[in-house]
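Before any comments, here is the structure.
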Amino acid sequence: MKTVWMMISLFLVSSVPAKELTLEQALDLAEKNATELQILDAQLALASAGFQRSAQAFLPKISIDATLLRADSSLINDIPVPLLNLPPRLDYRDFGPVDGMIRGIQVIQPVFNADALKAREQANKAVQARRMAYQWGEQLMRFQVAGSYYAVAVRQADERACRMALEAAQQAQDMADGAYQEGLVAKLDVQRARAEVAAGKARMRTAEAQVRKARINFAVLLDLSPQEHFMLTDDLPEPVPPVAEQMPSKKRSDLKARQAEQEAAAAGLDKAKAQWLPRINLLARQQWFDGDEPFDMYADGWLVALNLQWSLFDGLGRQGEIAEARARKNLARIGVEHTRRTIKKEQQLAIREWRAAWSAWQASVDALEAAEDALRLAHRRYEEGLGNMSDLLSTQAGLYHRRLEYTRYHYKTLLASMNYCLRYGKDPLTLLPEEIR
Numbered sequence: 310m311k312t313v314w315m316m317i318s319l320f321l322v323s324s325v326p327a328k329e330l331t332l333e334q335a336l337d338l339a340e341k342n343a344t345e346l347q348i349l350d351a352q353l354a355l356a357s358a359g360f361q362r363s364a365q366a367f368l369p370k371i372s373i374d375a376t377l378l379r380a381d382s383s384l385i386n387d388i389p390v391p392l393l394n395l396p397p398r399l400d401y402r403d404f405g406p407v408d409g410m411i412r413g414i415q416v417i418q419p420v421f422n423a424d425a426l427k428a429r430e431q432a433n434k435a436v437q438a439r440r441m442a443y444q445w446g447e448q449l450m451r452f453q454v455a456g457s458y459y460a461v462a463v464r465q466a467d468e469r470a471c472r473m474a475l476e477a478a479q480q481a482q483d484m485a486d487g488a489y490q491e492g493l494v495a496k497l498d499v500q501r502a503r504a505e506v507a508a509g510k511a512r513m514r515t516a517e518a519q520v521r522k523a524r525i526n527f528a529v530l531l532d533l534s535p536q537e538h539f540m541l542t543d544d545l546p547e548p549v550p551p552v553a554e555q556m557p558s559k560k561r562s563d564l565k566a567r568q569a570e571q572e573a574a575a576a577g578l579d580k581a582k583a584q585w586l587p588r589i590n591l592l593a594r595q596q597w598f599d600g601d602e603p604f605d606m607y608a609d610g611w612l613v614a615l616n617l618q619w620s621l622f623d624g625l626g627r628q629g630e631i632a633e634a635r636a637r638k639n640l641a642r643i644g645v646e647h648t649r650r651t652i653k654k655e656q657q658l659a660i661r662e663w664r665a666a667w668s669a670w671q672a673s674v675d676a677l678e679a680a681e682d683a684l685r686l687a688h689r690r691y692e693e694g695l696g697n698m699s700d701l702l703s704t705q706a707g708l709y710h711r712r713l714e715y716t717r718y719h720y721k722t723l724l725a726s727m728n729y730c731l732r733y734g735k736d737p738l739t740l741l742p743e744e745i746r
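In my numbering, the protein residues as written are 310 to 746.
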């Protein structure tokens, strides 16, 4: 019963049409669904919100307040009040508690606030840093998506190579069985052929598992369901040879982001130092008072003032903040230098890796052709009784490995060329055919 259900499930899966997916469509999905870009976008939004908040350095603050009060005091209790009786005399009365409402509108306009102005400059640099970091994240994501997309194609090529090797092993087994029945070979040739078929089946299962793994990794990267049946339509493009001259270096977005962070840290140090300067604000207030009990009265008033705030000592708080800001500035400077050195190293390694991968791929082309010729010769020799099964099987195994090497060197060369463009600040897909990009 379990076998029946497995067959039904396999039929249903195979009957569902595969969804075609080009590299361009995969890149669009990654831009929408990749969590790495979503995190960078959220960080950019957070920095933009901080820049918006820093506008308080020169914009006024307007507030409205209303207070419903009930108050009492000894100043309005036991108040002597003359009575117009005969004879006149004094009486003492309490005029509290007092009920009323105080309403007001207040405007505070900053006139001079040096640390707030520096804070706005720091927030602006932070936005620039996040924007550059997002651009670098986009380039990394394009490289990652292309690599993952073609990784599926490589695993599928490995699976095809395993299938071809298995078919060749089965053909060799049929030849050995026929020759054994005719008394031309020993039983040992038949056993060796059967062992190679069994090994080929094991390699086939492993290759199928690797294809599933590559497809799952690719699906998760694009936020697709791992069970979704999709077909990648773009095959591995032909890699281009390494450039003869070094590509003109373009300042990479990650270095720009580091430099913007350094400028933000410098503005943060200036902000911390600016706290030693006084703050000057313009204050304007309009106020109304409505008295209920025991006085039925109405009063209003207004106030305009120039306020000066100058904190002369705050318990070493400013000194500590200045020291922290100076340390952050030094840390940002080291980060810029580290990124610059890393870029230089990556660029030097990228061209060497590209040249090495290209040479290996060119050699694998010749090796594959030689292995195919060797297998044809081994088949003919065995059929003519001039060769043995060991030679045939070893030649088949050599062809299988040459096919794997050819595909993997092809993939490595493609990745190396994309990585070279990325390390020089270019779009990693620059060297791919136009229709793929």
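The C-beta atom is built at its ideal place from N, Cα and C for all residues, glycine as well.
ask   = Near serine 318, which residues of its chain fall below 6 Å by C-beta distance, leaving aside the five closest residues on each side in sequence?
value = Residue mapping note: residue 318 aligns to position 9 of the sequence shown, counting from 1. Bear in mind that a pLDDT of 44 at serine 318, under 50, signals an unreliable position, so the number given afterwards is only what the model happens to contain. Close CB contacts of serine 318 within its chain, under the 6 Å cut and outside five residues either way in sequence, are absent.
task = Measure the beta-carbon distance from lysine 559 to lysine 735 and round it to whole angstroms, keeping in mind my assumption that it falls under 8 Å.
result = Locating residue 559 in the sequence shown gives position 250, counting from the first residue. Locating residue 735 in the sequence shown gives position 426, counting from the first residue. Indeed they touch by this definition, with Cβ atoms about 6 Å apart.
ask   = Mind checking valine 436: buried by the 16 CB within 10 Å criterion, or exposed?
value = Here residue 436 refers to the residue found at position 127 of the sequence shown. Around the C-beta of valine 436, 16 or more other C-beta atoms lie within 10 Å, and the residue is accordingly described as buried.
ask   = Apart from the five residues on each side of it in sequence, which residues of its chain come closer than 6 Å, Cβ to Cβ, to tryptophan 619?
value = Reading the sequence shown from its first residue, position 310 is the one you call residue 619. Contacts found: Pro587.
message = Between which two residues does the alpha helix (DSSP H) holding isoleucine 385 run?
response = By 1-based counting over the sequence shown, the position of residue 385 is 76. Isoleucine 385 -> no alpha helix (DSSP H), and no H or E assigned at all.
task = Determine the DSSP secondary structure at phenylalanine 421, reduced to helix, strand or coil.
result = Numbered from 1 along the sequence shown, position 112 holds the residue referred to as residue 421. In this structure, phenylalanine 421 counts as strand in the three-state DSSP scheme.
ask   = Is any heavy atom of the ligand GTP found at a distance shorter than 7 Å from the C-beta of arginine 627?
value = With respect to small molecules bound, the structure shown includes none, and the ligand GTP cannot be examined in it.
Residue interval of the alpha helix (DSSP H) (run including aspartate 498) = Residue mapping note: residue 498 aligns to position 189 of the sequence shown, counting from 1. That run of the alpha helix (DSSP H) goes 496–530.
key: DSSP bridge partner residues for tryptophan 611 (one or two, in chain order)   = As a first step, residue 611 is located in the sequence shown; it is residue number 302 there, counting from the start. Paired residues: Gln595.
query = Taking the continuous beta strand (DSSP E) assigned at threonine 376, which residues delimit it?
reply = On the sequence shown, residue 376 is found 67 positions in, with the first residue counted as 1. Start and end: 370–380.
key: Cutoff 8 Å; reference valine 529; Cβ partners in own chain excluding five residues on either side   = As a first step, residue 529 must be located in the sequence shown, where it is residue number 220. Shown here for valine 529: same chain residues with a beta carbon closer than 8 Å to its own, the five before and five after excluded, namely Pro535 in chain order.
query = Should the region 465–475 be regarded as contacting the region 387–399, the criterion being three or more beta carbon pairs within less than 8 Å?
reply = Segment contact: the region 465–475 against the region 387–399, fewer than three CB-CB distances shorter than 8 Å; contact not assigned.
ask   = Taking Cβ positions, are valine 549 and serine 726 nearer each other than 8 Å?
value = Here residue 549 refers to the residue found at position 240 of the sequence shown. Here residue 726 refers to the residue found at position 417 of the sequence shown. Taking 8 Å as the cut-off, the beta carbon of valine 549 is found closer than this to the beta carbon of serine 726.
key: Per-residue DSSP class, three states only, for glutamate 681   = Taking the first residue of the sequence shown as 1, we reach residue 681 at position 372. In the structure shown, glutamate 681 sits in a helix (DSSP, three-state: H, G or I).
message = Is it the case that the region 688–702 contacts the region 432–449, given that we only count it when at least three CB pairs across the two stretches are under 8 Å?
response = In short, these stretches do not touch, since the Cβ pair count stays below three.
message = Whole angstroms are fine: how far does the CA of isoleucine 385 sit from the CA of asparagine 616?
response = For the purposes of this step, residue 616 is identified with residue 307 of the sequence shown, where counting begins at 1. For the purposes of this step, residue 385 is identified with residue 76 of the sequence shown, where counting begins at 1. In a straight line, the C-alpha of asparagine 616 is about 33 Å away from that of isoleucine 385.
key: C-beta contact flag for proline 419 and alanine 366 at 8 Å   = The residue given as residue 419 occupies position 110 in the sequence shown. The residue given as residue 366 occupies position 57 in the sequence shown. Result yes, Cβ atoms of proline 419 and alanine 366 sit closer than 8 Å.
task = Would you list, in sequence order, the uninterrupted alpha helix (DSSP H) runs of no fewer than 4 residues that lie entirely inside the region 330–371?
result = Along the length of the region 330–371, whole alpha helix (DSSP H) runs at least 4 residues long occupy 332–342 and 344–362, reported in chain order.
task = Taking only the alpha-carbon atoms, compute the straight-line gap between aspartate 579 and aspartate 623 and give it to the nearest angstrom.
result = On the sequence shown, residue 579 is found 270 positions in, with the first residue counted as 1. On the sequence shown, residue 623 is found 314 positions in, with the first residue counted as 1. Cα-Cα distance, rounded: 18 Å.
query = What number of angstroms, rounded off, separates the C-alpha of alanine 683 from the C-alpha of histidine 538?
reply = Mapped onto the sequence shown, residue 683 falls at position 374. Mapped onto the sequence shown, residue 538 falls at position 229. Whole-angstrom Cα-Cα distance: 39 Å.
ask   = What is the residue span of the alpha helix (DSSP H) that aspartate 579 lies within?
value = Residue numbering aside, residue 579 sits at position 270 when the sequence shown is read from its first letter. Secondary structure note for aspartate 579: its alpha helix (DSSP H) is the uninterrupted segment 562–583.
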